[in-house]
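Structure, as structure tokens:
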Amino acid sequence: MKTRLILTACASALLLGLPAAAFADSAPPATAAAAAQGGVAVPPLGFTKRVLANGMEIYTARDASTSNVTVQVWYRVGSKDDPAGRSGFAHLFEHLLFKATKNMPSETFDRLTEDVGGMNNAFTADDVTAYYEVVPANHLQRILFAEADRMGSLVVDEATFVSERDVVKEEYRQRILASPYGRLFGLFTPETIYQDHPYRRPGIGSIEELNASTLDDVLRFHATYYRPDNAMLIVAGNFDQAQLDAWVNEYFAPLKRPATPMPVNDVKEPEPTGPRTATYYAPNVPLPAVVLAWNTVAYRDADRAALTVLDGVLSTGESSRLYRSLVYDKQIAASIGSNPDFAQQAGNLTAYAIMADGQTVDAGKSALEAEIARLRDAPITAAELSEAKNELVANALRGRESIDDRATTLGMALIMTGDATAADREIAEIQAVTAADVQRVARRYLTPQRQITINYLPADDEHPASVQKMNVDAPVTVAELAPAGPVAVLLPEAERARLPQPGAEVAPATPAVADFRLDNGLRVLVAPTQGLPLVSARLNLNAGSANDPAGKPGVASMTAALLTQGTTTKSAPEIATAIEQLGASIGAGSGADFTNVYANAPKDVFGQTLTLMADLVRNPTFAAEELERQQSQTLDGLRVALSQPGSIAAQSVGRVIYGAAPYGAPGSGTLTSIPALTREDMAVFHSDRFRPSQATLVFSGDVTPAEARALADEAFGDWRDAGPAPAAVDKAGQALTPRVVVIDQPGAGQAAVIAAIRGVKRTDADYFPLTLGNTLLGGGFSSRLNQEIRIKRGLSYGARSSVGAQQDVGVFTASTQTKNETATEVADLILAEVGKLGANPATEAELAPRRAALIGGFGRSLETVDGLGGLVANLALYDLPMSDLADYAGRVRAVTPQQVEGAFAGHLPTDQASLVIVGDASKFIDALRAKYPNVEVISLTELNLDSATLR
17 MKTRLILTAC ASALLLGLPA AAFADSAPPA TAAAAAQGGV AVPPLGFTKR
67 VLANGMEIYT ARDASTSNVT VQVWYRVGSK DDPAGRSGFA HLFEHLLFKA
117 TKNMPSETFD RLTEDVGGMN NAFTADDVTA YYEVVPANHL QRILFAEADR
167 MGSLVVDEAT FVSERDVVKE EYRQRILASP YGRLFGLFTP ETIYQDHPYR
217 RPGIGSIEEL NASTLDDVLR FHATYYRPDN AMLIVAGNFD QAQLDAWVNE
267 YFAPLKRPAT PMPVNDVKEP EPTGPRTATY YAPNVPLPAV VLAWNTVAYR
317 DADRAALTVL DGVLSTGESS RLYRSLVYDK QIAASIGSNP DFAQQAGNLT
367 AYAIMADGQT VDAGKSALEA EIARLRDAPI TAAELSEAKN ELVANALRGR
417 ESIDDRATTL GMALIMTGDA TAADREIAEI QAVTAADVQR VARRYLTPQR
467 QITINYLPAD DEHPASVQKM NVDAPVTVAE LAPAGPVAVL LPEAERARLP
517 QPGAEVAPAT PAVADFRLDN GLRVLVAPTQ GLPLVSARLN LNAGSANDPA
567 GKPGVASMTA ALLTQGTTTK SAPEIATAIE QLGASIGAGS GADFTNVYAN
617 APKDVFGQTL TLMADLVRNP TFAAEELERQ QSQTLDGLRV ALSQPGSIAA
667 QSVGRVIYGA APYGAPGSGT LTSIPALTRE DMAVFHSDRF RPSQATLVFS
717 GDVTPAEARA LADEAFGDWR DAGPAPAAVD KAGQALTPRV VVIDQPGAGQ
767 AAVIAAIRGV KRTDADYFPL TLGNTLLGGG FSSRLNQEIR IKRGLSYGAR
817 SSVGAQQDVG VFTASTQTKN ETATEVADLI LAEVGKLGAN PATEAELAPR
867 RAALIGGFGR SLETVDGLGG LVANLALYDL PMSDLADYAG RVRAVTPQQV
917 EGAFAGHLPT DQASLVIVGD ASKFIDALRA KYPNVEVISL TELNLDSATL
967 R
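Take any residue in the sequence shown, count from 1 to its spot, add 16: that is its number in the working numbering.
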């Protein structure tokens with residue numbers, strides 16, 4: 017579900033997903049607690065504000081219900097401030113600020129966060145660069161010290177600068193070049209919409225302009241923008257206010273406000289003078305796409321609320337106008353969407369369609385234009401207006417669950433408006449929008465004369481790939497940046513300011529889980545929480561893609577997809593409308609072992625939500641026309657996935673490890689299996705495997721065990737098993753000989769590299785040693801893989817690994833993406849690091865922070881109703897005791913270095929590893945074949961995912 021309120025969404029910078037949005041001042045307006053669904057109020061953010069003498073703004077909100085604290089520093093500088101000839105510079109600089117300061121060696125922020133069970137990250141958007149951490153509350157002082165130190169001093173040498181610039185280039189290749197629609201949304205759309213404003217330049221820049229940047233540019237950029245009067249500190253969580261104030265005074269108040277002014281950057285985008293059309297071509301585009309765009313308003317404009325509601329009517333959910341018309345009724349689009357991008361100085365609204373196979377962009381353009389014309393020509397219905405508002409307000413409630421969500425909401429409101437109360441006020445502004453307002457803004461902004469049409473087509477010999485615009489002018493120049501000043505260096509250890517010691521630990525609490533069964537055998541688990549009025553439920557069924565009939569991969573996945581597409585009492589459009597009018601989230605999906613049906617809703621409508629969810633589970637019709645629609649959409653989705661190196665590799669690994677065994681088949685189906693599915697396949701799968709005796713219903717959130725029992729009995733009490741349970745299947749089969757497989761994708765923007773080894777069951781005694789070892793290997797920014805591949809060598813945007821434990825023997829994977837030329841080098845690095853863990857014990861100094869990382873991530877999951885419900889459900893899925901929830905931290909702490917070494921040596925020997933590499937083989941096959949003479953090369957056009965051999 018899309019989120020549009022500032023409370024739940026940040027601007028998408030560089031196509032980076034951001035955490036949900038943010039809060040307000042200590043005395044918010046009375047309208048802030050706007051009622052959602054007539055009974056649930058969205059609480060105000062409740063921050064207090066003070067301003068230091070150096071101009072830095074401080075916002076704080078205490079929450080004693082958590083054991084954590086978030087610290088965020090928001091700088092009023094973003095990609096619009098990239099100097100001319102240096103597009104992507106603010107984002108590159110964001111990466112560099114995680115390096116050294118005069119008192120902290122490089123990567124200290126990871127030591128202070130990951131190593132104590134916290135996390136850190138940052139994002140760059142058009143108007144802002146923000147840095148954020150979540151740590152156990154007793155580490156607050158240390159983070160404040162560190163944030164002040166990197167504001168006051170930055171230490172970057174030439175080698176570090178070059179290495180991190182290489183990392184950003186790999187990020188560019190991964191997000192822009194290797195993604196089939198990366199160029200469209202990351203490059204071509206903004207450069208076409210804006211004619212004068214620097215928003216037209218991509219936040220991630222270009223390879224050429226990244227190469228043009230220098231170390232001196234970095235130092236001058238820091239001197240220009242990273243100053244206290246250009247920053248806001250936001251702290252939320254469990255802290256003592258007086259102590260926090262004292263620490264802020266100690267660390268931030270001494271920072272000097274520079275006398276030099278910051279460069280002026282306030283370009284006015286001209287009003288459109290007529291319609292425009294642009295056509296772009298790109299390699300590996302599986303389906304053509306069309307985007308319609310209109311210049312609209314900046315965030316603080318009064319028309320933003322009406323445009324936000326308009327966007328909800330246009331494209332949120334399956335009852336939206338674009339989905340109903342283009343995807344459901346006409347079936348000409350594989351996917352649709354719209355986005356109201358309200359930035360600080362200008363804004364736009366886009367509507368797009370990725371066309372279904374065989375459909376043209378002209379058909380998409382006509383269909384999009386018809387729906388926009390409907391918004392201009394007649395008011396939306398009362399039902400549509402209510403539905404859009406309910407969704408927006410319910411999402412605002414969900415966006416205030418965690419401390420970091422709330423802090424981010426405040427930060428974005430401050431950047432966009434300068435007003436801490438804006439995030440609270442906008443809820444009332446949304447509620448005040450009328451159907452006439454929506455029609456008025458459609459007529460004002462979404463007119464044919466203002467329309468921009470962007471066509472996106474596959475490149476070929478006649479139409480070579482379009483190139484990114486270069487040398488785009490910008491209002492800020494390198495010459496205008498402040499002088500670098502004295503170059504900071506890392507001080508000798510004896511001269512550094514000492515990091516504060518952690519305070520007393522604040523232990524996270526796990527709720528008691530009620531556990532009972534209904535008379536029909538359905539197990540019910542209840543994890544109640546105190547907090548926002550939200551309730552989550554998930555029904556887990558012991559039926560996944562490994563239970564697909566032989567030769568028919570995709571049955572479990574298609575069954576789950578069709579649950580929301582019609583019951584004996586409701587059509588698919590009626591179901592979509594009901595979900596969205598409740599402001600609920602209801603859906604279903606399948607994995608290898610299980611199918612999950614989930615629901616999340618405000619408490620006052622949760623009973624209705626669960627009733628609807630039960631109808632979907634118990635009474636699906638699997639209508640022939642709905643199956644045909646889902647088959648078409650699934651096939652288009654597969655075509656898109658099979659144009660991306662990472663997705664191709666992920667779908668191929670199963671066959672390499674499991675061959676013809678059930679775990680080997682792609683769970684989403686294949687291009688040949690999906691068209692062959694029949695209604696009978698889904699009906700039989702549902703009848704055989706959707707049974708209360710093999711299901712678990714998990715409630716979490718604002719619900720008591722007694723309330724949950726009554727809800728479960730009402731919705732599922734008379735549900736009964738249909739006949740005997742199907743026989744168990746051998747999901748993993750026998751171990752196979754390792755393979756090295758290259759899938760050749762000429763012109764691929766990057767190579768995806770996966771090392772895979774047959775692993776363990778979730779119930780294996782070595783699960784925790786493997787999990788801890790995996791966290792050291794590839795479970796975070798500080799992991800060994802990321803250190804070797806990204807930090808030391810700049811070969812990738814990131815590397816990771818996964819234990820992959822399942823109900824039967826799972827598959828361990830370690831993976832990354834890199835430029836094609838370094839695929840062989842990266843494969844060697846991955847295997848070497850996996851092997852080290854089984855050859856030599858990790859040190860206790862290495863494992864202690866990895867334990868903290870696991871425990872901290874577990875603790876953060878407890879802060880949201882869906883996160884808590886997921887933890888409880890995961891235990892139930894594998895028949896693990898509920899006591900494991902409270903015992904988790906102890907189980908992790910008990911793992912020894914010797915147990916990690918033994919588990920990796922016994923279960924994950926690298927001589928049993930297979931390699932799957934997807935990319936432009938011409939650029940790496942010779943080096944790979946020299947190491948692996950038996951390498952198999954399969955052309956992407958000949959890849960057969962239905963075959964155990966991939967041929």
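Just so it is clear, CB atoms sit at the ideal spot from N, CA and C, and this is done for glycine as well.
query	result
Beta-ladder partner(s) of Pro-544, from DSSP	Gly-717
Rounded C-alpha distance that separates Thr-230 from His-238	13 Å
Span separating the alpha-carbon of Val-306 from that of Asp-620	40 Å
Boundaries (first-last residue) of the beta strand (DSSP E) holding Ala-768	767–774
Status (buried if at least 16 other CB within 10 Å, exposed otherwise) for Met-135	buried
According to DSSP, residues forming a beta bridge with Thr-64	Thr-76
Ser-103, DSSP secondary structure in three states	coil
Rounded straight-line distance, which links the Cα of Ala-404 to that of Met-574	28 Å
C-alpha distance - Ala-3 paired with Ser-81, whole-angstrom precision	Nothing can be reported for residue 3: it is not among the residues displayed for the chain, which extend from 17 to 967.
Three-state secondary structure (DSSP) of Trp-735	coil
Closest residue to Pro-196 among Tyr-242, Arg-695, Val-301, Asn-265 (Cα-Cα distance)	Val-301
Ala-498 versus Ala-247 - alpha carbon distance	17 Å
Collapsed DSSP secondary structure at Gln-88 in the structure displayed	strand
When Ala-588, Val-669, Gln-750, Leu-626 are compared against Gly-599, the one with the closest alpha-carbon	Leu-626
DSSP-derived helix/strand/coil call for Thr-47	Because the pLDDT at Thr-47 is just 35, under 50, the model does not fix this residue reliably, and the point stays unresolved.
Bridge partners - Asn-471, DSSP secondary structure assignment	Thr-295, Val-306
Under the three-state DSSP convention, the category Ala-381 falls into	Contrary to the premise, residue 381 reads as Lys rather than Ala in this sequence. If DSSP states are grouped into helix, strand and coil, Lys-381 belongs with the helices.
Distance, Arg-514 Cα to Val-488 Cα	45 Å
Pro-45 burial status per 10 Å Cβ neighbour count (16 or more: buried)	In this prediction, Pro-45 has a pLDDT of 33, which is less than 50 and means its spatial position is unreliable; what the coordinates show is noted afterwards. Its Cβ having fewer than 16 others within 10 Å, Pro-45 is exposed.
Collapsed DSSP secondary structure at Pro-196 in the structure displayed	coil
C-beta contact flag for Arg-422 and Leu-878 at 9 Å	no
Cβ distance (whole Å) where Pro-518 is taken to contact Ala-452 below 8 Å	Not a contact, Cβ separation roughly 57 Å.
Classification of Arg-66 by the beta-carbon crowding that lies within 10 angstroms, buried from 16 upward	exposed
Other residues of its chain near Gly-603: CB distance less than 7 Å, five sequence neighbours each side excluded	Thr-580, Tyr-614
Three-state secondary structure assigned by DSSP to Pro-214	helix
Cβ distance (whole Å) where Val-58 is taken to contact Arg-441 below 8 Å	Actually they do not touch by this definition, with Cβ atoms about 12 Å apart.
Beta-carbon proximity check, Ala-969 vs Asp-357, cutoff 9 Å	This structure gives no information on residue 969, because the portion of the chain shown stretches from 17 to 967.
Backbone secondary structure at Lys-777 - three-state DSSP	strand
6 Å CB neighbourhood of Ala-116 in its chain, flanking five on each side removed	Ser-122, Val-171, Leu-506
Ala-692 in three-state terms, based on DSSP	helix
For Gln-465, the first and last residue of its enclosing alpha helix (DSSP H)	Note, Gln-465: premise wrong, no alpha helix (DSSP H); not H, not E.
Beta-carbon proximity list for Ala-676, same chain, < 8 Å, skipping 5 on both sides	Gly-749, Ala-964
contact_flag[the stretch 176–192, the stretch 810–828] where n(CB pairs < 8 Å) is 3 or more	yes
Any non-hydrogen atom of the ligand HEM closer than 8 Å to Thr-957 Cβ	Ligands are entirely absent from the displayed structure, and the ligand HEM is therefore not among its contents.
Gly-10 - DSSP class collapsed to helix/strand/coil	Because the chain spans 17 through 967 in this model, residue 10 falls outside it and cannot be assessed.
Other residues of its chain near Arg-909: CB distance less than 7 Å, five sequence neighbours each side excluded	Arg-867
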